[in-house]
Structures are given as C-alpha cells and as structure tokens.
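**Student:**
There are 2 protein chains.
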Amino acid sequence: MKKIEIATNDFLIPMPMALIGSKEGDQANFMAAAWFNRVNARPPMVMVALIKSSQTTSNVVANKEFSINIPSFDLMEKTDYCGIIPGKKENKAELFDLFYCDLKNSPMIRECPLNYACRLTDQTELPSHIVFFAEIMHAYCEEKFMTQEKPDIEKIRPFILSLPDNRYWYVGKYLGNAWTNSEL
Amino acid sequence: MKKIEIATNDFLIPMPMALIGSKEGDQANFMAAAWFNRVNARPPMVMVALIKSSQTTSNVVANKEFSINIPSFDLMEKTDYCGIIPGKKENKAELFDLFYCDLKNSPMIRECPLNYACRLTDQTELPSHIVFFAEIMHAYCEEKFMTQEKPDIEKIRPFILSLPDNRYWYVGKYLGNAWTNSEL
Numbered sequence: 001m002k003k004i005e006i007a008t009n010d011f012l013i014p015m016p017m018a019l020i021g022s023k024e025g026d027q028a029n030f031m032a033a034a035w036f037n038r039v040n041a042r043p044p045m046v047m048v049a050l051i052k053s054s055q056t057t058s059n060v061v062a063n064k065e066f067s068i069n070i071p072s073f074d075l076m077e078k079t080d081y082c083g084i085i086p087g088k089k090e091n092k093a094e095l096f097d098l099f100y101c102d103l104k105n106s107p108m109i110r111e112c113p114l115n116y117a118c119r120l121t122d123q124t125e126l127p128s129h130i131v132f133f134a135e136i137m138h139a140y141c142e143e144k145f146m147t148q149e150k151p152d153i154e155k156i157r158p159f160i161l162s163l164p165d166n167r168y169w170y171v172g173k174y175l176g177n178a179w180t181n182s183e184l
Numbered sequence: 001m002k003k004i005e006i007a008t009n010d011f012l013i014p015m016p017m018a019l020i021g022s023k024e025g026d027q028a029n030f031m032a033a034a035w036f037n038r039v040n041a042r043p044p045m046v047m048v049a050l051i052k053s054s055q056t057t058s059n060v061v062a063n064k065e066f067s068i069n070i071p072s073f074d075l076m077e078k079t080d081y082c083g084i085i086p087g088k089k090e091n092k093a094e095l096f097d098l099f100y101c102d103l104k105n106s107p108m109i110r111e112c113p114l115n116y117a118c119r120l121t122d123q124t125e126l127p128s129h130i131v132f133f134a135e136i137m138h139a140y141c142e143e144k145f146m147t148q149e150k151p152d153i154e155k156i157r158p159f160i161l162s163l164p165d166n167r168y169w170y171v172g173k174y175l176g177n178a179w180t181n182s183e184l
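Just so you know, the sequences run in chain order A and B.
The first sequence begins at 1 in this note's numbering and counts up one residue at a time.
The second sequence begins at 1 in this note's numbering and counts up one residue at a time.
#1: Please state the DSSP three-state secondary structure of B/Y100.
#2: Using a Cβ-Cβ cutoff of less than 8 Å, which residues in the same chain neighbour A/I153 once the five nearest sequence positions on both sides are dropped?
#3: Three Cβ pairs or more, each shorter than 8 Å: is that satisfied between the region 157-177 of chain B and the region 160-177 of chain A?
#4: Could you give the distance in angstroms between the alpha-carbon of A/L19 and the alpha-carbon of A/M76?
#5: Contact criterion: CB-CB distance below 8 Å. Does A/C198 meet it with respect to chain B?
#6: Out of A/C82, A/Y116, A/F11, A/T147, point me to the one whose CA is closest to A/Y140's CA.
#7: Who are the near neighbours of B/S138 in its chain, counting only those whose CB is closer than 6 Å to its CB and skipping five residues on each side?
#8: Between B/A178, B/I130, B/K144, which lies nearest to A/V46 when the distance is taken from Cα to Cα?
#9: Are the C-beta atoms of B/T31 and some chain A residue less than 8 Å apart?
#10: Is it the case that the region 8-16 of chain A contacts the region 14-32 of chain B, given that we only count it when at least three CB pairs across the two stretches are under 8 Å?
#11: Is there a Cβ of chain A sitting closer than 8 Å to that of B/E77, yes or no?
#12: List the residues of chain B whose Cβ lies closer than 8 Å to the Cβ of A/F99, in chain order.
#13: What are the start and end residues of the alpha helix (DSSP H) that includes A/G83?
#14: Taking B/W179 and A/D80 to be in contact with their CB atoms under 8 Å, please state how far apart those CB atoms are, rounded to whole angstroms.
#15: Return helix, strand or coil for A/I153, following the three-state DSSP convention.
#16: DSSP puts B/D122 in a beta bridge; with which residues?
#17: Between which residues of its own chain and B/P164 is the CB-CB distance below 7 Å, once the five residues before and five after are set aside?
#18: Give the DSSP-derived three-state secondary structure of A/K3 in the structure shown.
#19: Establish whether the CB of B/I136 and some CB of chain A are separated by less than 8 Å.
#20: Can you list, in chain order, the residues of its chain whose CB lies under 6 Å from that of A/V60, leaving out five sequence neighbours each side?
#21: Given that A/A93 touches chain B, what residues does it touch there, using C-beta distances under 7 Å?
#22: Let me know the secondary structure DSSP gives B/L95 once reduced to three states.
#23: Can you name the start and end residues of the alpha helix (DSSP H) that B/Q27 belongs to?
#24: I'd like to know whether the C-beta atoms of B/L114 and B/I70 end up nearer to each other than 8 Å.
#25: Give the interface partners of B/T57 over in chain A, defined as CB-CB distance under 8 Å, in chain order.
#26: Considering only the beta carbon of each residue, do A/E183 and B/K3 sit closer than 8 Å?
#27: Is it the case that the Cβ atoms of B/Q55 and B/K88 are separated by a distance below 8 Å?
#28: Looking only at DSSP bridge pairs, what is B/C141 linked to?
#29: Does the beta-carbon distance from B/N29 to B/A93 come in below 8 Å?
#30: Name the one or two DSSP bridge partners that B/E24 has.
#31: Which same chain residues, not among the five before or five after A/F99, have their C-beta less than 6 Å away from its C-beta?
#32: Please name the residue or residues paired with B/M15 in a DSSP beta bridge.
#33: Taking only beta carbons into account, state which residues of the region 37-62 of chain A come closer than 8 Å to chain B, listed in chain order.
#34: Quick check on this structure: which residue in B/N91, B/D122, B/S58, B/G83 has the alpha carbon closest to the alpha carbon of B/A33?
#35: Tell me the residue span of the beta strand (DSSP E) that contains A/S67.
#36: Would you kindly work out how many angstroms separate the C-alpha atoms of B/M31 and B/A7, rounded to a whole number?
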C-alpha cells in the first residue's frame with residue numbers, strides 16, 4: 001500500500017447538494033451549492049461558503065437572511081442549471097413555486113422536500129469565497145417525506161456531488177447505526 | 001403539498017464521514033467528524049466544526065495542524081468507535097497504521113483511502129463548537145483508489161451520516177454530470 005501525493009485540490013468527499021435562496025429587492029434568486037454543513041448543535045447553526053462574485057453572496061450580505069432548500073434527485077437538472085446560470089442573467093425564481101415564513105428575504109422552494117430559513121450571525125472572508133454562519137430559524141418538510149414525524153432520507157432522496165470530477169450520486173442503502181460501536 | 005414546520009434541529013443532509021487526526025505531545029488522536037466541507041477554491045481550504053470539549057479541539061488549538069482521513073465503508077465500525085470514545089480515555093492511535101508528512105502534528109491513517117494534512121488559518125467560536133479553517137497542504141491516495149491519476153469515489157467508497165436519525169449510508173450509483181445543464 002504505497003501512498004501517492006496527489007493535488008491538494010483533489011478533495012473528494014460526498015458533498016450535499018442544495019439550492020440557496022436569497023432576495024435582491026423583490027427578486028428571489030437561487031444558486032446551487034455544495035459547500036455547506038452544520039456547524040453548531042444548540043442553537044442549530046449552519047455554514048455555507050459562496051463564491052464572492054455571485055448575486056447570492058451580495059444578497060446575503062445585504063439582507064442577512066437566506067434559505068437552504070434540499071432538492072430530491074428528480075430536481076437534479078434544475079438544481080444543476082441554478083449552479084451554472086448567474087442570477088444576474090436569468091430569473092431563476094420562475095423555475096419554482098415559492099413560499100415564505102416571517103424571514104421575508106429567505107424565499108423557499110415548495111418542490112424541495114426540506115427547507116431551512118436562516119439568519120446570518122457572522123461571516124469570514126477567504127481568498128475566493130465568503131463563509132456565512134447562520135442560525136436555522138425555521139425548518140419545513142411535508143408529511144410524505146417523513147417517518148414518525150421526522151424527515152426521512154429514504155423518502156427525501158437528496159443527492160450528492162463529488163469534486164473535482166463533477167459528478168452527482170444517489171444516496172445509497174442503509175449501512176448501519178451511528179454512535180453505537182462503543183466496543184471493537 | 002402542505003409544508004409542516006419541523007424542529008430546527010432536523011437538519012437532514014448527507015454528511016461526509018471522516019477521522020480527524022491530531023497530536024497531544026507524542027500521542028496521536030483520532031475523532032470521527034461529519035461537520036466539515038470545502039470552503040475555498042484556491043488555495044484549497046476546508047472547515048471542520050468540532051465540539052469544544054474534545055481532545056481533538058484542544059490539540060488543533062495548540063498545534064494549528066490536523067489531518068482529515070476519509071474512511072471506506074469497511075472502516076465504519078472503527079470510525080464510529082472513534083466518534084464515541086474520548087481521546088482522553090483511550091489510545092485510538094493503536095487502531096490504525098499511521099504515516100506522516102512534514103506536518104508532524106497531522107497524523108494520517110494508512111487504511112483510509114484519502115488523507116489531507118491541513119494547516120490552521122483561522123477559527124470562529126460558536127456556542128457549542130469551534131469552526132477551524134485550514135489550508136490543505138498535502139493530499140494522499142493510493143493507485144488502487146484512483147482512475148486516470150485522480151481519486152475515484154466508486155473505488156474509495158466513503159460513507160455518509162444523516163442526523164438527527166444517526167444512520168450511516170453508502171454512496172449510491174452515478175446520477176449525472178455536474179455543471180452541464182445550461183438549458184432546461
């Protein structure tokens with residue numbers, strides 16, 4: 001087993017795909033993103049790293065609110081489209097049926113099984129991206145995507161991105177329960 | 001399609017599983033983590049959110065170096081064990097065959113198909129967790145996990161965590177190419 005040094009850009013992990021919702025005045029905008037995750041337990045907080053030049057980044061800086069919408073794999077084509085077409089060029093809000101909570105700058109996508117309305121708490125500027133930290137203020141799902149009143153990944157069917165090969169993957173089968181192996 | 005408001009803690013996305021390597025003096029330690037992702041393009045940077053009370057957190061603060069090791073699903077049990085047994089209690093380094101690069105506080109696991117040696121650049125303290133930002137200084141793989149000189153997710157077979165249901169999942173089949181749908 002010989003380890004080979006590879007490019008530091010070859011950071012290959014299963015990344016979750018989402019659509020980040022934001023507002024520019026009255027105009028809702030959506031951007032595909034995979035560089036996000038949970039970062040705090042209580043209160044529930046997330047981070048999302050967005051490229052500085054995007055319309056979404058400007059909107060989040062201006063409004064301090066955004067949404068995270070988790071698409072099923074049947075929304076793969078629309079999600080991908082929102083990752084390559086700039087909000088400055090195209091009205092991507094027309095692709096979806098939207099809904100809102102009391103965070104009026106956090107437009108959410110009804111077709112996505114999971115929606116999170118987030119309020120910005122902090123940000124860190126990096127060379128190419130800005131990392132936004134936010135608290136999840138409201139979360140939404142539908143009964144058909146839930147089991148015993150909790151969202152169920154097998155019903156939601158999110159999908160995954162790998163880089164730098166730029167490929168999408170299904171979430172596979174159940175492998176085991178987490179935080180159970182206290183002996184080896 | 002009626003949206004139901006759910007708990008803000010129900011942040012269900014496919015999260016990548018990793019083992020975070022660090023050093024306390026001469027002692028290597030490993031902790032399972034799922035709250036990490038890429039955050040910057042050039043240079044390649046990552047973030048990892050770690051609970052404040054962990055030995056790994058103390059080690060990263062002290063040494064400003066750590067490793068990210070991506071296990072295959074056949075390392076699920078050992079990975080899970082490293083997520084529940086504190087480094088303060090057990091010598092988890094004995095579970096693995098280790099190797100090092102010039103970052104001497106970034107112990108890496110030979111059994112993991114992918115290894116990243118990281119240097120801390122910044123950190124953000126949140127209520128329960130600290131978010132560490134780091135640059136990937138070196139990356140390692142093995143030929144058997146690569147296709148055309150690049151790491152291949154179908155050969156590496158990483159696995160995924162979902163919360164708050166605490167379940168592990170395989171990465172599923174190929175779904176499509178990313179950043180290609182410029183028309184709908």
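Using N, Cα and C, we set each Cβ at its ideal position, and we do this for glycine too.
**Tutor:** The structure says:
#1: coil
#2: Within the same chain, and ignoring the five residues on either side of A/I153 in sequence, the residues whose Cβ sits closer than 8 Å to its Cβ are V171.
#3: yes
#4: 11 Å
#5: One cannot answer for residue 198 of chain A here, as it falls past the ends of chain A, which runs 1 to 184.
#6: A/Y116
#7: Note on residue identity: the sequence assigns His, not Ser, to residue 138 of chain B. So the list reads C101, A117, once near-sequence residues are dropped.
#8: B/I130
#9: First, the amino acid is wrong: residue 31 of chain B is Met here, not Thr. So, not an interface residue.
#10: yes
#11: yes
#12: Neighbours of A/F99 across chain B, judged by C-beta separation under 8 Å: K3.
#13: From DSSP, the alpha helix (DSSP H) with A/G83 extends over 76-84.
#14: 7 Å
#15: helix
#16: B/F133
#17: N9, D10
#18: If DSSP states are grouped into helix, strand and coil, A/K3 belongs with the strands.
#19: yes
#20: Counting only Cβ-Cβ distances below 6 Å, and skipping sequence neighbours, we find S22, F66, F132.
#21: Near A/A93 there are no residues of chain B at all, since even the closest Cβ is about 14 Å away, more than 7 Å.
#22: helix
#23: Element bounds for B/Q27: not the alpha helix (DSSP H) but the beta strand (DSSP E), 27-33.
#24: yes
#25: By Cβ distance, chain A contributes nothing, its closest Cβ being about 13 Å from B/T57, past 8 Å.
#26: no
#27: yes
#28: A/I4
#29: yes
#30: DSSP, once it has assigned bridges, lists B/Q27 as partnering B/E24.
#31: So the qualifying residues of the chain are M108, R110.
#32: B/L161
#33: N37, R38, V39, N40, A41, R42, P43, P44, M45, V46, M47, A49, I51
#34: B/G83
#35: 65-70
#36: 27 Å
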